[in-house]
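Be aware that the sequence shown starts at 41, since it is given in this note's numbering, and climbs by one per residue.
Virtual Cβ for every residue (Gly too), placed ideally from N, Cα, C.
Values in this document were obtained by computation on a predicted structure and should not be read as measured data.
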Amino acid sequence: LTSGIFAVSSVLGPATGGWIADNASWRWAFFVSLPVAAIALVVVWFGFGKREERERHAIDVLGAFLLTAAAASGLYTAVSGGVEAPWASPLIVGLLVLSAALATAFVLWERRVEEPILPLALFRERTIASAQIALFTVGAAAFGTIMLVPLFVQRVLGESATHSGAVLTPLMLGWILASLLSGQIVSHTGRYRPVLLAGPPVMAVGFLLLSGMGVGTTPSETIRNVFVIGFGVGLVMQTFIVVVQNAVPRRMMGVATASAQFSRMVGATVGVTVMGAIMTARLHGESAGAAGPAELADAIHPVFFVGLALAALAFVATLFLPHQELRDRMDTEPAPQTA
């Protein structure tokens, strides 16, 4: 259910943004987020119950700052390298060094603080480590697709911004269908590895289909291709979150879930950045808007092969995922892991 809602919002946003860009100004795509955020705040404020029992905790403010700063400087390096400045320029090299230094400081601090924002002991568990890597790669592949397919439809196939955003609807439908199916399979069998091992190969098929698209691609072919991608993503995206939650005791469930979501969203950001950089390099530094349909199609094709490689990495990470019986209750200890 959660994955389905996530899929709807991930696709409804670009579709609505395309309609707004066609019928008003792109700036309104940001303004309309304000009432949506207000609704979310009201729901959280009144809809989530409060615990009567209170426990004293120390918030790891410094850890949060170091983690955010390390991630931000690293991502900005990926965005700017080769675009705003050469990779060997002092700015890019300095940002890389800064990101590495902040990441090192974060690790050292988390080892000594009483209540770390990201307990490093989590990553000693093979289940957690494998799931984090897989979520990173799946997030990169999924959101790279969400960014580039509408661009392909608009610039190569000549569709409007509204239609290019709406083309992601089949991806959403495949995502929701696979999420519901995978949830039922895991719930009834208690086994998640078969579902997780099926997801990356389905994604790989989708990326192979995407790599064959060109100026003559029909709308039905585009719908089929993005549906396959969405189905593969839906099989694994939320199932990995369940796996992570099942592998930790109740007191660690919040931070384990948050770390898994963090890996997925950082992967999404890196995927969009790297794929966009590859496309720009293929266009020899020109903007996507200045390129012709055939030229843009040739520039995007290698990006879809990157998605294929990411799906392969997700599959390899899943192979290292041990089996662990699903718990019936949150307050019980995790079951032993088996190969």
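For residue i versus residue j, is the C-beta distance shorter than 9 Å?
i           : j           : result
residue 218 : residue 274 : yes
residue 262 : residue 207 : yes
residue 406 : residue 282 : This structure gives no information on residue 406, because the portion of the chain shown stretches from 41 to 379.
residue 191 : residue 60  : no
residue 315 : residue 187 : yes
residue 355 : residue 241 : yes
residue 226 : residue 279 : yes
residue 110 : residue 143 : yes
residue 164 : residue 336 : no
residue 184 : residue 343 : yes
residue 248 : residue 348 : yes
residue 80  : residue 209 : no
residue 153 : residue 100 : yes
residue 223 : residue 243 : no
residue 119 : residue 317 : yes
residue 266 : residue 250 : yes
residue 258 : residue 63  : no
residue 104 : residue 157 : yes
What residue range does the alpha helix (DSSP H) around residue i cover?
i           : result
residue 57  : 42-63
residue 338 : 333-359
residue 420 : Outside the displayed range of the chain (41 to 379) lies residue 420, so it cannot be described from this structure.
residue 303 : 293-322
residue 233 : 233-251
residue 160 : No alpha helix (DSSP H) holds residue 160; DSSP gives it neither H nor E.
residue 67  : Looking at the DSSP string, residue 67 is not in any alpha helix (DSSP H), and its letter there is neither H nor E.
residue 128 : First-last for residue 128: undefined, no H or E at that position.
residue 182 : 166-195
residue 270 : 259-286
residue 202 : 201-206
Taking 8 Å as the limit between beta carbons, can you name the residues of its chain near residue i, skipping five residues before and five after?
i           : result
residue 48  : 212, 216
residue 177 : 307, 350, 351, 353, 354, 357
residue 162 : 168, 288, 292, 295, 296, 299
residue 116 : 135
residue 121 : 127, 132, 317
residue 254 : 196, 334, 337
residue 236 : 174, 275, 276, 279, 280, 283, 358, 361
Who are the near neighbours of residue i in its chain, counting only those whose CB is closer than 7 Å to its CB and skipping five residues on each side?
i           : result
residue 362 : 166, 167, 377, 378, 379
residue 320 : 123
residue 57  : 69, 205
residue 102 : 149
residue 373 : 289
If I measure Cβ to Cβ from residue i and keep anything under 6 Å in the same chain, skipping five residues before and after, which residues do I get?
i           : result
residue 131 : 125
residue 303 : 172, 175, 176
Can you tell me whether residue i is buried or exposed? The criterion is at least 16 other CB atoms within 10 Å of its CB, across all chains shown.
i           : result
residue 179 : buried
residue 370 : exposed
residue 368 : exposed
residue 365 : exposed
residue 150 : buried
residue 199 : buried
residue 359 : exposed
residue 256 : exposed
residue 113 : buried
residue 173 : buried
residue 107 : buried
residue 139 : buried
Can you tell me whether residue i is helix, strand or coil according to DSSP?
i           : result
residue 97  : coil
residue 122 : coil
residue 378 : strand
When you compare the CB of residue i with every CB in chain C, is at least one pair closer than 9 Å?
i           : result
residue 322 : Absence of chain C from the displayed structure is noted, only one protein chain being present.
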